[in-house]
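Trainee: Below: one structure in structure tokens.
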Amino acid sequence: MAQSQLSLNLDIKHDASLSDFSGPGWMSIIDAVRQLHVGLIGQLYLFGSPATGKSHLLSAICESFIEMDKSAICLSLNELIHTDVNVLSSLENFEVIAIDDLEVIEQSKPWQEALFHLINRSREGQRQLLFAANKPASELPFELKDLLTRLAQAPTFKVPDGQNVADRQALLQSILRRRGWQFDERILHHLLSEGPHRIGALMEVLVYIQPMFSNLGRSNISKAVISDALRTIDEQTLAAELADINQETQTDNHGAHQDQHTMPLDF
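Structure representation (structure tokens):
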């Protein structure tokens with residue numbers, strides 16, 4: 132059962148590279164990744180708001196290990212939460228294991244226990260573990276406290292929120308170079324200055340506008356096409372901002388709901 136689930140759900144996204152994170156805001160995290168590469172550290176814990184690049188970075192790290200002829204796998208608990216919990220027991224043969232969306236198992240003790248045992252077995256086998264969540268381990272409301280202790284032992288970094296334009300520019304240039312895409316400078320400037328700040332939303336807008344230019348030579352790009360692209364960037368940026376507001380509202384409501392159920396009793 133576990134093996135069949137693995138074949139269906141767990142693939143490395145090969146369109147990711149550490150060069151995407153060459154901006155100044157990522158320097159300390161990339162330095163930690165280099166320490167992972169040479170075995171100075173065995174674990175890494177990343178946290179930050181949704182769409183800030185955590186998943187993309189996990190894939191890039193795994194890809195970097197694969198290029199070093201090591202076996203690596205990247206999985207999202209958000210995709211696995213409704214499958215057989217024993218799927219985690221099938222990961223021990225990988226040298227590098229990246230686990231995304233830890234917050235998804237906040238209400239599931241079986242998944243928490245499975246993750247705890249995976250960490251213990253991976254340590255015994257000298258495997259390297261990467262984790263990503265929307266908050267630091269100390270703020271995850273896990274019932275299994277021993278798991279929180281294990282997670283807290285990993286070097287922990289908050290990913291940049293995308294406010295630094297140099298970070299966004301480095302990501303944009305890296306992706307365009309790797310995919311062989313070319314855009315008019317007016318579009319790139321507008322995307323960096325007026326487009327989404329969060330990496331996930333920025334990449335979505337980039338993919339959204341690319342087909343507008345896929346069949347055009349640089350000399351054939353009209354003002355109308357440029358105008359359409361700029362308008363599309365504005366529309367998609369607004370949609371991303373509204374999605375952020377909706378996400379923040381849901382998070383606040385969820386937190387308030389939890390507080391109502393965790394209020395201490397005064398005996």
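Letter by letter, the sequence shown follows residues 132 to 398 in the numbering used here. The beta-carbon is built from N, C-alpha and C at its ideal position, and this holds for glycine as well.
#1: Please determine, among A332, K276, R310, the residue with the shortest C-alpha to C-alpha distance to R299.
#2: Hey, would you say F262 sits closer than 8 Å to L275, going by beta carbons?
#3: Could you have a look at D231 and say whether DSSP puts it in helix, strand or coil?
#4: Label I204 either buried or exposed according to how many other C-beta atoms from any shown protein chain fall within 10 Å of its C-beta, with 16 as the threshold for buried.
#5: Would you mind working out which of R310, V216, R252 sits nearest K240, comparing C-alpha positions?
#6: Determine the extent of the beta strand (DSSP E) in which A203 is found, giving its start and end residues.
#7: So what does F178 bridge to, in DSSP terms?
#8: Just to confirm my understanding: we take Q243, look at its own chain, exclude 5 residues before and 5 after, and list those with CB closer than 8 Å. What are they?
#9: Is the Cβ-Cβ distance between Q432 and H328 less than 8 Å?
#10: Which one or two residues does DSSP pair with Q257 in a beta bridge?
#11: Tell me which residues share the same chain as T368 and place their Cβ nearer than 8 Å to its Cβ, disregarding the 5 neighbours each side in the sequence.
#12: If contacts are defined as beta-carbon pairs under 8 Å, then A371 and I318 qualify, I think. What distance do you get, rounded to the angstrom?
#13: CB G179 to CB V290, shorter than 8 Å?
#14: Put N217 into one of helix, strand or coil per three-state DSSP.
#15: Going by the CB atoms, is the gap between L167 and L177 shorter than 8 Å?
#16: Flag this pair as yes or no: are the beta carbons of L149 and S195 separated by less than 8 Å?
#17: DSSP three-state call for M158: helix, strand or coil?
#18: Just how far apart, CA to CA, sit P181 and D365?
#19: How would you label G256, buried or exposed, when you count the other beta carbons within 10 angstroms and need 16 or more for buried?
#20: Keeping to the same chain, check which residues put their C-beta closer than 6 Å to that of Q238; ignore five residues upstream and five downstream.
#21: Following the continuous alpha helix (DSSP H) through D277, name the residue where it begins and the one where it ends.
#22: Taking C-beta to C-beta, are L222 and L249 nearer than 8 Å?
Mentor: From the atom records:
#1: Looking up residue 299 in the sequence shown gives position 168. R299 has its Cα closest to that of A332, out of A332, K276, R310.
#2: In the sequence shown, residue 262 corresponds to position 131, counting from 1. In the sequence shown, residue 275 corresponds to position 144, counting from 1. No, Cβ-Cβ distance for F262 and L275 is not below 8 Å.
#3: Taking the first residue of the sequence shown as 1, we reach residue 231 at position 100. Strand, per DSSP.
#4: Within the sequence shown, numbered from 1, the residue matching residue 204 stands at position 73. So I204 counts as buried.
#5: Within the sequence shown, numbered from 1, the residue matching residue 240 stands at position 109. Comparing Cα positions, the closest option is V216.
#6: Position 72 of the sequence shown holds residue 203. Note, A203: beta strand (DSSP E), 203-207.
#7: In the sequence shown, counting from the first residue as 1, residue 178 sits at position 47. Under DSSP, F178 takes part in a beta bridge, and its partners are A264, K289.
#8: In the sequence shown, residue 243 corresponds to position 112, counting from 1. Close CB contacts of Q243 within its chain, under the 8 Å cut and outside five residues either way in sequence, are with I236, F273, E274, L275, L278 (chain order).
#9: Any answer about residue 432 is impossible in this case: the structure gives the chain only from 132 up to 398.
#10: Numbered from 1 along the sequence shown, position 126 holds the residue referred to as residue 257. Per DSSP, none; premise fails for Q257.
#11: As a position in the sequence shown, residue 368 is number 237, starting the count at 1. The answer, listed in chain order, is E325, G326, P327, A332, V336.
#12: Indexing the sequence shown from 1 puts residue 371 at position 240. Indexing the sequence shown from 1 puts residue 318 at position 187. Rounded, the Cβ-Cβ distance is 17 Å, inconsistent with contact.
#13: What you label residue 179 is simply residue 48 of the sequence shown in a count that begins at 1. What you label residue 290 is simply residue 159 of the sequence shown in a count that begins at 1. At a Cβ-Cβ threshold of 8 Å, G179 and V290 count as neighbours.
#14: To locate residue 217, count along the sequence shown from 1; it is residue 86. In this structure, N217 counts as helix in the three-state DSSP scheme.
#15: Here residue 177 corresponds to residue number 46 of the sequence shown, with the count starting at 1. Here residue 167 corresponds to residue number 36 of the sequence shown, with the count starting at 1. Taking 8 Å as the Cβ cut-off, L177 and L167 do not qualify as a contacting pair.
#16: One-based indexing of the sequence shown puts residue 149 at position 18. One-based indexing of the sequence shown puts residue 195 at position 64. It is a contact, given that the beta carbons lie within the stated cut-off.
#17: Numbered from its first residue, the sequence shown carries residue 158 at position 27. Here M158 sits in helix by DSSP.
#18: Counting from 1 along the sequence shown, the entry for residue 181 is found at position 50. Counting from 1 along the sequence shown, the entry for residue 365 is found at position 234. Taking the CA atoms as reference points, P181 sits about 20 Å from D365.
#19: What you label residue 256 is simply residue 125 of the sequence shown in a count that begins at 1. G256 comes out exposed.
#20: The count along the sequence shown starts at 1 and reaches residue 238 at position 107. For Q238, same chain residues with a beta-carbon under 6 Å away, outside a window of 5 residues either side, do not exist.
#21: Locating residue 277 in the sequence shown gives position 146, where the first residue counts as 1. Membership of D277 in the alpha helix (DSSP H) is indicated by the continuous run 276-283.
#22: The residue you call residue 222 lines up with position 91 of the sequence shown. The residue you call residue 249 lines up with position 118 of the sequence shown. Annotated as proximal: L222 and L249, with beta-carbon spacing under 8 Å.
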